[in-house]
Amino acid sequence: MRSEKQNDLEIDHVRTTVAEAMVTGGHDRKKRTQQDALRSLLDIYRHRSDLKKAFPEAKAGDYVRLVQWAAWVSANESSDPVFSILHGYEQWYLPEHNLHLFQDHNPALEDVKMRIHDGVPAFVKDIIDVAEGLHQCGTFGPEPLAALADHLLKRHIECSAETGSGASTLLFSHSSDLHLAFTIDSGGGSVDNVKISPLLRQDHVLWIEGPTQLTLPTYRFQEKLQAVLIDGPHAYPFPDLEYYYLYQHLETGALLVIDDIQIPTIHNLFEFLRKDAMFVLDEVVDTTAFFTRTDAPTFCPIGDGWWEQGYNKTPLAQV
Ligand SMILES: C[S@@+](CC[C@H](N)C(=O)[O-])C[C@H]1O[C@@H](n2cnc3c(N)ncnc32)[C@H](O)[C@@H]1O
51 MRSEKQNDLE IDHVRTTVAE AMVTGGHDRK KRTQQDALRS LLDIYRHRSD
101 LKKAFPEAKA GDYVRLVQWA AWVSANESSD PVFSILHGYE QWYLPEHNLH
151 LFQDHNPALE DVKMRIHDGV PAFVKDIIDV AEGLHQCGTF GPEPLAALAD
201 HLLKRHIECS AETGSGASTL LFSHSSDLHL AFTIDSGGGS VDNVKISPLL
251 RQDHVLWIEG PTQLTLPTYR FQEKLQAVLI DGPHAYPFPD LEYYYLYQHL
301 ETGALLVIDD IQIPTIHNLF EFLRKDAMFV LDEVVDTTAF FTRTDAPTFC
351 PIGDGWWEQG YNKTPLAQV
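FYI, the numbering for the sequence shown is 51 to 369, going by this note's numbering.
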């Protein structure tokens, strides 16, 4: 087992090297790599409230535990959604600075794990815990919520939108710089209870209250969207109508989530999207489908061309 002194020495070493890495204008390749690794890590830190909560000292420039967390994630010892980003810098996070991090009973690693709860951000756990009792309109179950968190945290989201509201809104408020909630409280508390939840980051949510059938057609989107969830009114043709007003604003790489695909008319939208060039299906969790916007051109929203759409390529043999 390593002594506290060994550990302190290791921490001092990390601190010194991180400080060196921050010096700008270094020309050798190694220093550039160090700077890139640290820059990426700090960029993730800036956008992750769970990391800010777990490693508050990093705000004051003490990156030791944060770098050790990055080493742990980049070595794929944790299932954190930013693994693929950090893994690219594993060579820097891991061998030079955390050589002994993965020895049994390493106090540094134990501390990192305790602070971050096995890679599932603390706020996600908290939101999953409150979801069921949050409102009476039918909320996401734990698995779809965890999957939504996973997909959201993989992305840098400047602007997102959802129809309907609830536990999903709490999650979006932690993952998006600006989240547009097109919703209405039909008495079940899906707006009122979310607004007073301590888990809501209020300054990240813009509430556009009213029936989406009326609010979406008149809303003037100022920015591209990096994530959209359709989970408002479920009767036909409302989710399709919402899709129409939202798909035009999705950026390449954006997340599109369709909930309740067991409802026949929503299933039809799901089947349409599965065959559309603008989307690839990432996964279905329970009855929630997760798509990613491809770089295919945006289908003209004011023209026609039904025959170009994958779903319509083969007309029905008989009706
Ligand atoms: C199934 S719940 C959404 C659950 C939410 N995604 C969650 O994670 O808890 C459906 C939501 O759509 C809202 N809603 C129903 N009809 C609506 C309409 N016409 N326009 C806007 N929102 C509507 C409901 O009030 C409710 O907030």
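Yeah, the Cβ is synthetic: ideal placement off N, Cα and C, and Gly gets one too.
>> Let's test the definition: count the other Cβ atoms within 10 Å of the Cβ of Trp-142 and tell me whether it reaches 16, buried, or not, exposed.
In response: buried
> In three-state terms, what does DSSP make of Gly-75?
Replying inline: Low per-residue confidence applies at Gly-75: pLDDT is 42, beneath 50, and the placement is therefore not dependable enough to give any value.
> Relative to the C-alpha of Asp-179, which residue among Pro-171, Pro-192, Gly-188 and Gln-186 is closest?
Replying inline: Pro-192
> Should Phe-372 be listed as close to ligand 1, given that the test is whether its C-beta is under 7 Å from any heavy atom?
Replying inline: In the structure as shown, the chain begins at 51 and stops at 369. Residue 372 is therefore absent and cannot be evaluated.
> Apart from the five residues just before and just after Thr-265, which ones in its own chain have a Cβ nearer than 7 Å to its Cβ?
Replying inline: Phe-232 and Ile-258
> Would the beta-carbon of Asp-200 be found less than 7 Å away from any heavy atom of ligand 1?
Replying inline: no
> To the nearest angstrom, how far is it from the Cα of Phe-349 to the Cα of His-299?
Replying inline: 11 Å
>> So, under 8 Å CB-CB, Ser-215 and Val-241 are touching, yes? Tell me the CB distance rounded to an integer number of Å.
In response: 6 Å
> Any heavy atom of ligand 1 within a distance shorter than 7 Å of the CB on Thr-302?
Replying inline: no
> Comparing the CB of Gln-263 with every heavy atom of ligand 1, is any distance shorter than 7 Å?
Replying inline: yes
>> Just list the residues that DSSP pairs Trp-257 with in beta bridges.
In response: Ala-231
> What did DSSP end up calling Ile-316 once you bin it into helix, strand or coil?
Replying inline: helix
> Helix, strand or coil: which one does DSSP assign to Arg-251?
Replying inline: coil
> Is DSSP giving Ile-94 helix, strand or coil here?
Replying inline: helix
>> Given this structure, state the Cα-to-Cα distance separating Gly-238 from Ala-339, to the nearest angstrom.
In response: 24 Å
> Skipping 5 residues on each side, what residues in its chain have a beta carbon closer than 7 Å to that of Gln-186?
Replying inline: Gly-238 and Gly-239
> Does the pairing of the segment 291-311 with the segment 329-338 give three or more beta-carbon distances under 8 Å?
Replying inline: yes
> For Asp-100 versus Ala-172, is the C-beta distance shorter than 8 Å?
Replying inline: yes
> Under a CB-based cut-off of 8 Å, is Val-335 close to chain B?
Replying inline: No chain B appears in this structure, which consists of one protein chain only.
> Does the Cβ of Leu-296 lie closer than 7 Å to at least one heavy atom of ligand 1?
Replying inline: no
> Ends of the beta strand (DSSP E) at Ile-280?
Replying inline: 275-280
> In whole angstroms, what separates the C-alpha of Val-244 from that of Phe-288?
Replying inline: 23 Å
>> Below 7 Å, is the gap between the Cβ of Leu-184 and the nearest heavy atom of ligand 3?
In response: Among the ligands modelled here, namely ligand 1, ligand 3 does not occur.
>> Per DSSP, what are the beta-bridge partners of Arg-343 in this structure?
In response: Phe-329
>> Let's test the definition: count the other Cβ atoms within 10 Å of the Cβ of Arg-98 and tell me whether it reaches 16, buried, or not, exposed.
In response: buried
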